[in-house]
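2 protein chains.
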Amino acid sequence: MPRSSYRLPKIPEMTIRRLSVYTRCLLQLEEDGVETISSQELAERFGLNSAQVRKDLAYFGEFGVRGIGYYVTKLKAELQRILGLDREWPVALVGLGNLGAALFHYKGFSRQGFRIAVVFDDDPAKIGRDVDGVPIFGTADLAREARAREIQIAILAVPSEAAQGVTDALLAAGIKTILNFAPTRLRVPKDARLKNVDLSIELETLSFYLAQTPR
Amino acid sequence: MPRSSYRLPKIPEMTIRRLSVYTRCLLQLEEDGVETISSQELAERFGLNSAQVRKDLAYFGEFGVRGIGYYVTKLKAELQRILGLDREWPVALVGLGNLGAALFHYKGFSRQGFRIAVVFDDDPAKIGRDVDGVPIFGTADLAREARAREIQIAILAVPSEAAQGVTDALLAAGIKTILNFAPTRLRVPKDARLKNVDLSIELETLSFYLAQTPR
DNA sequence: TAGATTGTTAATCGATTAACAATC
DNA sequence: TAGATTGTTAATCGATTAACAATC
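Just so you know, the protein sequences line up as chains B and P, in that order.
Oh and the first sequence: position 190 is 189 in numbering that gives the first Met the number 0, straight run, nothing missing.
Oh and the second sequence: position 103 is 102 in numbering that gives the first Met the number 0, straight run, nothing missing.
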């Protein structure tokens, strides 16, 4: 069977993560007025190999100019398009406790085209209010309000006990892309795309290295 | 040159991360009263290969019983020792905004032996107060108060602008293991161990897959 | 043109997995 | 003992890096 023109060759996840890092670097370079950059220069900023940078890009096309390198503005635009960061994604934030509030105000999201369009929280003191103009609803209204805003991405920042219930509600509302901050294993169907952010695993690996080093 | 008995063979970082995951699973299994588990059963819970589980463990010793598997309580204790989770690590939390407060209350840390022993924040409204009995100091007192508590690990949850200054203060106080949540690149000496937690990169990779899928 | 840097192939490296003797 | 499962070696796979012809 010939490969559909929609389908790319299998892209390593690490490549996607690096593209995301390159993009941020290019945004900075553009601000600084830098016009071109070579794969060598770009690689050095992250301790990577220049061939790796070129190979990461080669999965998606030819963006450079031999003898010159890459035009910063052009490459930035290409990568934003590839990563889907050239448009606005309305996002639902579920849970407005400390973590939810921190994520709400997190600069990195909005800078890359993610816009928190609605907040869900079951605290009666919060329902019906808004944060910076973004309305807060109870999860009972999740499907209706998420659909009204054509939301495809949710950020989950609720207590572990509530996480599965909210997830089921999100799936029922047709939201299949979930970034989960609750430290719990969620059951989702195969076609859903769930990414768990584990806040404590990094600390545990740090303690390993600390424990290895006799003081 | 014979390998020093202190030095382990080079351990892949992914192995350390998986050990951390196994440990949490074993804690749960122990709570559930499960006495033994095979590499096969353990692997299935995370979609891994049983040989990988055995190999991860083999870096550190022989913990299983042929024909039986692993005794849950024994393996848990071994892994906790390896990861340095068998003791209490006093931790400094720097920055008590929304994110800092969320991390302060995060259950995962304390469950694994990390105890936030002191908080630093330069908000005059917070200095001199405490959270759940943990004192809050200004960063001017960082070196003195961190040393008094023999702190070796810091969690950084301050705004990006403040992150480098705080980092320098931490290093000056002899704290060389830092978990950084500020979305900024920190300069640290070679012997420091810095781990950056990037809250937005996961969202960006999710948007890549979403952008690939024509609706 | 000469120098620089890309895009790509081939070589290398390291991590994952299969297979199986050892042994509970 | 027979069955099960480990610890470990060998095979496989995939990602990284080196090398270089193509070309600006």
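Note that the Cβ used here is the ideal one computed from N, Cα and C, for glycine as well.
- Residues of the stretch 163 to 184 of chain P that bring their beta carbon within less than 8 Å of a beta carbon in chain B comprise T176, L178 and P182, in sequence order.
- Across the structure, B:R16 and P:L155 are spaced so that their CA atoms are roughly 23 Å apart.
- Scanning chain B for C-beta atoms nearer than 7 Å to the C-beta of P:E40 yields nothing, as the closest lies near 16 Å away.
- Counting only the Cα atoms, P:Y69 lies some 14 Å from P:G32.
- Around the C-beta of P:D167, fewer than 16 other C-beta atoms lie within 10 Å, and the residue is accordingly described as exposed.
- With respect to the 8 Å criterion, B:L95 and B:L18 are not classified as neighbours on the basis of their beta carbons.
- Taking CB atoms only, P:K189 has no neighbour in chain B less than 8 Å away.
- Counting the other Cβ atoms within 10 Å of the Cβ of P:V117 gives 16 or more, which makes it buried.
- DSSP places B:I115 outside any alpha helix (DSSP H); the residue lies instead in the beta strand (DSSP E), whose first and last residues are F113 to F119.
- By the CB criterion at 8 Å, B:I126 and B:I150 fall outside the cutoff.
- Runs of the alpha helix (DSSP H) lying entirely within the stretch 82 to 155 of chain P and spanning at least 4 residues, in chain order: 97 to 104, 106 to 110 and 141 to 147.
- Interface flag for B:I135 against chain P is unset, since no Cβ pair is found closer than 8 Å.
- For the stretch 72 to 98 of chain B, the beta-carbon criterion of a distance under 9 Å to any beta-carbon of chain P is satisfied by R80, I81, L82, G83, L84, D85, R86, W88, V90, G96, N97 and L98.
- Against chain P, the CB of B:F113 has a partner CB under 8 Å away; the residue lies at that interface.
- DSSP places P:Y58 outside both helix and strand once states are collapsed to three, so it counts as coil.
- B:R184: not part of any alpha helix (DSSP H); DSSP gives it neither H nor E.
- Apart from sequence neighbours up to five positions away, the residues of its chain that approach P:L141 with a beta-carbon distance below 6 Å are F119, A168 and A172, ordered along the chain.
- Following the DSSP letters along the chain, one finds B:R192 inside the beta strand (DSSP E) bounded by residues R192 to N195.
- Straight-line measurement puts the Cα of P:L98 at about 16 Å from the Cα of B:V93.
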